[in-house]
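Participant: Each residue of the sequence shown is one higher than the one before, counting from 2 in the working numbering.
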Amino acid sequence: MAVIHDKDRLEGATSLKAWKDAAFEQLEMLVAQGDGTEQGDGVDGGSVAAADSADAAVAMASSSLAQLQRASAELRMRVSPTLGRRAMAMAVRYSLYLLEKRAPGPGVEVRVAPYAAVKVLDGPASDPHNLTPPDVIELEPVVWLRMACGVTTWQEEKDEGHIAAVGPRDDLRRFLPLV
Numbered sequence: 002m003a004v005i006h007d008k009d010r011l012e013g014a015t016s017l018k019a020w021k022d023a024a025f026e027q028l029e030m031l032v033a034q035g036d037g038t039e040q041g042d043g044v045d046g047g048s049v050a051a052a053d054s055a056d057a058a059v060a061m062a063s064s065s066l067a068q069l070q071r072a073s074a075e076l077r078m079r080v081s082p083t084l085g086r087r088a089m090a091m092a093v094r095y096s097l098y099l100l101e102k103r104a105p106g107p108g109v110e111v112r113v114a115p116y117a118a119v120k121v122l123d124g125p126a127s128d129p130h131n132l133t134p135p136d137v138i139e140l141e142p143v144v145w146l147r148m149a150c151g152v153t154t155w156q157e158e159k160d161e162g163h164i165a166a167v168g169p170r171d172d173l174r175r176f177l178p179l180v
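(1) Specify the secondary structure class of A3 as computed by DSSP and reduced to three states.
(2) Using 8 Å as the cut-off, can you tell me whether the region 144-164 makes contact with the region 16-27, which would need three or more C-beta pairs spanning the two stretches below that distance?
(3) So K120 is in the beta strand (DSSP E); what residue range does that whole segment cover?
(4) Which stretch, first to last residue, makes up the beta strand (DSSP E) that contains V137?
(5) Between which residues of its own chain and A104 is the CB-CB distance below 6 Å, once the five residues before and five after are set aside?
(6) So the candidates are E110, Q156 and W145; which of them puts its Cα closest to the Cα of M91?
(7) Where does A92 sit, in a helix, a strand or coil, going by DSSP?
(8) Between the alpha carbons of V119 and L99, how many angstroms are there, rounded?
(9) Taking the C-alpha atoms as reference points, what is the distance between R79 and A117?
(10) Measuring alpha carbon to alpha carbon, tell me which of G35, S81 and A88 ends up nearest L11.
(11) Quick check: the Cα distance between A72 and M30, rounded to an integer number of angstroms?
(12) Specify, as a first and last residue, the run of the beta strand (DSSP E) that E110 falls within.
(13) Between which residues of its own chain and V113 is the CB-CB distance below 6 Å, once the five residues before and five after are set aside?
(14) Would R174 be called buried (16 or more neighbouring beta carbons within 10 Å of its own) or exposed?
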């Protein structure tokens, strides 16, 4: 069974973009409050001196990226925008659909409860009696979306204990971020 119906993909993509946009807005607010940023990179996130609107858009995008890069992992872990239940489900399902496309296979089950689960990566298929592959990764929706959108990394979330993973192929870092 597909993780997201064809008819729901557009809604899923829109929901994932909405979550990512809200996450970066929240991160910008946290950074602007002045806590959790590393100093000394010489980037002024507040000033944009651009000749035209295209330059301004590029400068603002690079400013947001600079803010993300200098925000501490602890601060980025606090990013947790809320969407309605359906939008959150669609964002999770669409991002898992993207993971399925990037890493097809039956070897690892990725569970983001309560919204969806997918099987990815090459490897031994499920045991025919219980249908669970030997490798299982379980994540909370907000943890999954932070990694899928590039707010945090696999290693940062793993170090904080936010990823429950069993098996020799329980590492998805090479596939993240997805968007």
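All C-beta atoms, glycine included, are put in the ideal place defined by N, C-alpha and C.
Facilitator: Put simply:
(1) coil
(2) yes
(3) A117 to V121
(4) D136 to L140
(5) V121, L122 and F176
(6) W145
(7) helix
(8) 11 Å
(9) 23 Å
(10) A88
(11) 11 Å
(12) V109 to V113
(13) V93, L140, P142 and W145
(14) exposed
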